[in-house]
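Asker: One structure coming up, written as structure tokens, with questions to follow.
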Amino acid sequence: MSLWSLKDLLVLDLSNNSLVGSLPPDFGNLDAITLVDLSRNRLSRSIPTTVGDLQKLIYLSLAFNELQGFIPEPLGKMISLESANLCNNILSGEIPSKGPFLNFTSQSFMGNDELCGGFLFRPCKARRRRNNVPTQVESLPATTILARISYIEIERATQGFDQCNLLGRGGFGSVYKGIFANEMVLAIKVFNLQIEGAFKSFDTECEVLRNLRHRNLTKVISSCSNMDFKALLVEYMPNGSLEQWLHSDDYYLNMIQRLDIMIDVTSALEYLRSIMHGIMLMETFTRKKPYDEMFQENLSMRNWVCNSIPATPEDIIDATLLEPQEIDFKKKLHCVSSILELALNCTAESPNERLNMKYHEDQAGISSQMM
């Protein structure tokens, strides 16, 4: 009787046996199998597509062999598969991005230099039409779910969440710099699940960032989510955050730099809401945070700016931007006053009175030219 005809077999563990040869198509006949471990042998050729017929399989390890070719697409349809280890083979092509592969970490595929796609692997080359005319790379659909990585990978990348890698703290957690095994550097937003609303905030950010595609928005690379730990991994911006440059004594932005940043932000925020842009303009040129202690129930940031524009704008503009003895003092004052007036229009109480983002971008460009 052939091994592959044992339809009632539940567990097959032949690891570390120096087996040679290839896996036969009959592999798919093991209807009841739940665990297969053929790791650390000398199996070669390709993984048969019939492996995808093992619909009760929970664990699959083919690691440390000499398997070649693509990862069979049917493996992405194995709804019961919870763990797969294909590392240290000679596999090539694109890592599947559907079904159970959404939850597999990069550790499942390490040591296959010709694999592409997925987290920590090189992007796959765009396919070409038969006439060799390059196809246009399409944006990922809004329903794309990002491949997740493990807590262990994140812990290693941040050196155990060491304070030296802490980039900043927010309302729902902390952001760390992480350096991964292939020297990729990412920013890792770790949610503090002890804070009320953190779970909902994580789900909301995943949904929003998954659906946003814009050249001026930081790209989300991956995520890590379980009951005890949730994190988002995004592009690392080596120059720091705008908050850091505005509110730290170790950094300084002059007038032109702030205008240039706001023009870029405007381009990105045409995707978002006008009111957010207005608040950011106020903070950038007054150096006051919207949640500063001076703003109480009777005085909002908008009211504070409104009370000084247009009569006494110099009272609220960041003092480091204006020096009365400067030759172009009046010119700068007029420029920033115009920007703050724009900010007030962005934050009007009635949405119908707020200016559209295209107008914001044009006005920011005009202010930049004034300088």
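Residues 7 to 377 (my numbering) are what the sequence shown spells out, left to right.
The C-beta atom is built at its ideal place from N, Cα and C for all residues, glycine as well.
Quick check: what's the CA-CA separation for S374 versus L259?
Answerer: The count along the sequence shown starts at 1 and reaches residue 374 at position 368. The count along the sequence shown starts at 1 and reaches residue 259 at position 253. With a pLDDT of 48 at S374, under the threshold of 50, the modelled position of this residue cannot be trusted; read the value that follows with caution. In a straight line, the C-alpha of S374 is about 15 Å away from that of L259.
Asker: Taking all protein chains shown into account, do 16 or more other C-beta atoms lie within 10 angstroms of the C-beta of V143, making it buried, or fewer, making it exposed?
Answerer: The sequence position of residue 143 within the sequence shown is 137, counting from 1. Low per-residue confidence applies at V143: pLDDT is 30, beneath 50, and the placement is therefore not dependable, though the value from the model is reported in the following sentence. Exposed is the call here.
Asker: Between which two residues does the beta strand (DSSP E) holding S89 run?
Answerer: Residue 89 sits at position 83 when you count from the first residue of the sequence shown. It spans S89 to N91 - the beta strand (DSSP E) in which S89 sits, taken as one unbroken run.
Asker: Enumerate in chain order the residues of its own chain whose CB-to-CB distance from L199 is below 8 Å, with the five nearest sequence positions on each side excluded.
Answerer: Working through the sequence shown from its first residue, we reach residue 199 at position 193. The answer, listed in chain order, is F205, D234, F235 and K236.
Asker: Output needed for T111: all residues of its chain with C-beta closer than 6 Å, excluding positions within five of it in sequence on either side, in chain order.
Answerer: The sequence position of residue 111 within the sequence shown is 105, counting from 1. Taken in chain order, the residues that qualify are I155 and S156.
Asker: Buried or exposed, going by whether 16 or more other CB atoms sit within 10 Å of the CB of T318?
Answerer: Walking along the sequence shown from the start, residue 318 turns up at place 312. It is exposed - the Cβ of T318 has fewer than 16 other Cβ atoms within 10 Å.
Asker: Would you give the residue range spanned by the alpha helix (DSSP H) that C170 belongs to?
Answerer: What you label residue 170 is simply residue 164 of the sequence shown in a count that begins at 1. No alpha helix (DSSP H) contains C170, which DSSP labels as neither H nor E.
Asker: List in chain order: all unbroken beta strand (DSSP E) runs of 3+ residues lying wholly within the stretch 7 to 92.
Answerer: Complete beta strand (DSSP E) runs here, min 3: 17 to 19, 26 to 28, 41 to 43, 48 to 52, 65 to 67, 72 to 75 and 89 to 91.
Asker: Terminal residues of the continuous beta strand (DSSP E) containing L350?
Answerer: In the sequence shown, counting from the first residue as 1, residue 350 sits at position 344. Careful: L350 lies outside any beta strand (DSSP E), inside the alpha helix (DSSP H) at F335 to C352.
Asker: Any idea which residues DSSP pairs L265 with across the strands?
Answerer: For the purposes of this step, residue 265 is identified with residue 259 of the sequence shown, where counting begins at 1. The partner list for L265 (beta bridge, DSSP) is empty, contrary to what the question assumes.
Asker: Which residue or residues does DSSP assign as beta-bridge partners of F197?
Answerer: The residue you call residue 197 lines up with position 191 of the sequence shown. The partner list for F197 (beta bridge, DSSP) reads G179.
Asker: Apart from the five residues on each side of it in sequence, which residues of its chain come closer than 6 Å, Cβ to Cβ, to E88?
Answerer: Position 82 of the sequence shown, counting from 1, holds the residue named residue 88. Correct list, in chain order: I64.
Asker: Rank G34, G75, R51 and M268 by C-alpha distance to the C-alpha of L66 and give the top, closest one.
Answerer: Position 60 of the sequence shown, counted from the first residue, corresponds to residue 66. Nearest of G34, G75, R51 and M268 to L66, Cα basis: G34.
Asker: Between C341 and H283, how many whole angstroms is the CB-CB distance? I'm expecting something under 8 Å.
Answerer: As a working mapping, residue 341 is identified with position 335 in the sequence shown. As a working mapping, residue 283 is identified with position 277 in the sequence shown. Contact doesn't hold; Cβ gap of about 17 Å is too wide.
Asker: Check whether the Cβ atoms of T164 and G184 sit closer than 7 Å, and answer yes or no.
Answerer: For the purposes of this step, residue 164 is taken as the residue at position 158 of the sequence shown. For the purposes of this step, residue 184 is taken as the residue at position 178 of the sequence shown. Result yes, Cβ atoms of T164 and G184 sit closer than 7 Å.
Asker: Helix, strand or coil for G117 per DSSP?
Answerer: If you number the sequence shown from 1, residue 117 lands on position 111. Looking at G117 - three-state DSSP - the assignment turns out to be coil, as it is neither helix nor strand.
Asker: To the nearest angstrom, how far is the alpha carbon of E241 from that of M261?
Answerer: Position 235 of the sequence shown, counting from 1, holds the residue named residue 241. Position 255 of the sequence shown, counting from 1, holds the residue named residue 261. Those two C-alpha atoms are separated by around 27 Å.
Asker: Output yes or no for whether 7 Å exceeds the beta carbon distance between L92 and F76.
Answerer: Taking the sequence shown and counting its residues from 1, the one referred to as residue 92 is at position 86. Taking the sequence shown and counting its residues from 1, the one referred to as residue 76 is at position 70. No, they are not a contact pair.
Asker: Does DSSP put A237 in a helix, in a strand, or in coil?
Answerer: Here residue 237 refers to the residue found at position 231 when the sequence shown is read from its first residue. Three-state DSSP puts A237 in a strand.
Asker: Within 7 Å (strictly less), CB to CB, does D32 reach chain B?
Answerer: Of the chains in the structure shown, none is chain B; there is only one protein chain.
Asker: In this structure, how does DSSP classify G184 when only helix, strand and coil are distinguished?
Answerer: Here the question's residue 184 lines up with position 178 in the sequence shown. Three-state result, G184: strand.
Asker: In angstroms, rounded to a whole number, what distance separates the CA positions of L15 and E202?
Answerer: As a working note, residue 15 is residue 9 in the sequence shown. As a working note, residue 202 is residue 196 in the sequence shown. So the two alpha carbons sit approximately 48 Å from each other.
Asker: Return the residue from the list S8, T40, E303 and L348 that minimises the CA-CA distance to D32.
Answerer: By 1-based counting over the sequence shown, the position of residue 32 is 26. Selected option, being the one with the closest Cα: S8.
Asker: By how many angstroms is the C-alpha of V26 removed from the C-alpha of L97?
Answerer: Taking the first residue of the sequence shown as position 1, residue 97 is located at position 91. Taking the first residue of the sequence shown as position 1, residue 26 is located at position 20. If I take the Cα positions, the gap works out to 17 Å.
Asker: Between the Cα of M190 and the Cα atoms of G174, E159, G176 and D168, which residue gives the shortest distance?
Answerer: As a working note, residue 190 is residue 184 in the sequence shown. Comparing Cα positions, the closest option is E159.
Asker: For I315 versus L287, is the C-beta spacing smaller than 7 Å?
Answerer: On the sequence shown, residue 315 is found 309 positions in, with the first residue counted as 1. On the sequence shown, residue 287 is found 281 positions in, with the first residue counted as 1. Not closer than 7 Å, so no.
Asker: Anyone know if the C-beta pair for G123 and K104 falls short of 7 Å?
Answerer: What you label residue 123 is simply residue 117 of the sequence shown in a count that begins at 1. What you label residue 104 is simply residue 98 of the sequence shown in a count that begins at 1. In this structure, K104 does not lie closer than 7 Å to G123 by Cβ.
Asker: Please identify the residue among D119, A69 and S52 whose C-alpha is closest to the C-alpha of N22.
Answerer: Position 16 of the sequence shown holds residue 22. Nearest option by C-alpha distance: A69.
Asker: Under three-state DSSP, which class holds L192?
Answerer: Locating residue 192 in the sequence shown gives position 186, counting from the first residue. Strand at L192.
Asker: Any idea if S306 is buried or exposed, counting beta-carbon neighbours within 10 angstroms, 16 or more meaning buried?
Answerer: Here residue 306 refers to the residue found at position 300 when the sequence shown is read from its first residue. Its Cβ having fewer than 16 others within 10 Å, S306 is exposed.
Asker: Out of N232, M243 and P296, which one is the CA nearest neighbour of H253?
Answerer: Mapped onto the sequence shown, residue 253 falls at position 247. If we check each option's Cα against that of H253, P296 comes out closest.
Asker: State the CB to CB distance for the pair L29 and I53, rounded to an integer number of angstroms; the pair is presumed to be in contact (CB under 8 Å).
Answerer: What you label residue 29 is simply residue 23 of the sequence shown in a count that begins at 1. What you label residue 53 is simply residue 47 of the sequence shown in a count that begins at 1. Contact holds; Cβ gap of about 7 Å.
Asker: Buried or exposed: G177, going by 16 or more other Cβ atoms within 10 Å of its Cβ?
Answerer: Counted from its first residue, the sequence shown places residue 177 at position 171. Exposed.
Asker: Would you say K225 touches the ligand GDP, meaning its beta carbon is less than 6 Å from a heavy atom?
Answerer: Only the bare structure without any ligand can be found here, which leaves the ligand GDP out of the picture.
Asker: The beta strand (DSSP E) spanning E100 covers which residue range?
Answerer: As a working note, residue 100 is residue 94 in the sequence shown. From DSSP, the beta strand (DSSP E) with E100 extends over I96 to E100.
Asker: Applying the criterion that 16 or more other CB atoms from any shown protein chain within 10 Å of the CB defines a buried residue, is T227 buried or exposed?
Answerer: Counted from its first residue, the sequence shown places residue 227 at position 221. Going by the sequence as given, residue 227 is Ile instead of Thr. Buried, because 16 or more other Cβ atoms sit within 10 Å of the Cβ of I227.
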